[in-house]
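Okay, so the sequence shown: first residue is -11 according to this note's numbering, each after it adds one. Every residue, glycine too, gets a C-beta built ideally from N, C-alpha and C. First comes the structure, then the notes that go with it.
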Amino acid sequence: MHGNGDVRTLGAGRPGGGAQAGRTRPRVAGDSSEQGDPPPWTASVEGRDLDSGESFIMTCTPDDRREDIYVTRDSGPAIPADLDPIAAARTYLPLLVAEVRRRRGACRDL
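Structural data, given as structure tokens:
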């Protein structure tokens, strides 16, 4: 998928490729963080956050609900250790990207 800009290979074009040669990452994390339902996302786990029903990720706020996201593995529903970081990443990634961009801009001003 290198041609459409979705991913690029780390270490490509460098002599020896470095320790990360062959690994891929999103081309621009900031662009992908602006797609999809906006934050916050919250993991709702059966037995921890709700009494019955399946565990899921609630998108947006309780007052502005979007479609819930159900995450599964081949063996069944995802566990809290999977759901919590997915929800947290979607919630905090835009803040992290904004901070990196702010600091890069501050470095250029020096």
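(message) Helix, strand or coil for D52? Go by DSSP, reduced to three states.
(response) Sequence index remark: in the sequence shown, residue 52 carries index 64 (1-based). Residue state, collapsed to three classes: strand.
(message) Please classify A77 as buried or exposed, where buried requires at least 16 other C-beta atoms within 10 Å of its C-beta.
(response) As a position in the sequence shown, residue 77 is number 89, starting the count at 1. Label assigned to A77: exposed.
(message) In the DSSP assignment, the beta strand (DSSP E) including A31 goes from what residue to what residue?
(response) Here residue 31 refers to the residue found at position 43 of the sequence shown. W29 to S32 is the extent of the beta strand (DSSP E) around A31.
(request) Look at the alpha carbon of V33 and the alpha carbon of I57, and state the distance between them as a whole number of angstroms. (result) Position 45 of the sequence shown holds residue 33. Position 69 of the sequence shown holds residue 57. So the alpha carbons of these two residues sit roughly 12 angstroms apart.
(request) Would you kindly report the start and end of the unbroken alpha helix (DSSP H) that includes G93? (result) Walking along the sequence shown from the start, residue 93 turns up at place 105. P68 to R96 is the span of the alpha helix (DSSP H), which, as asked, contains G93.
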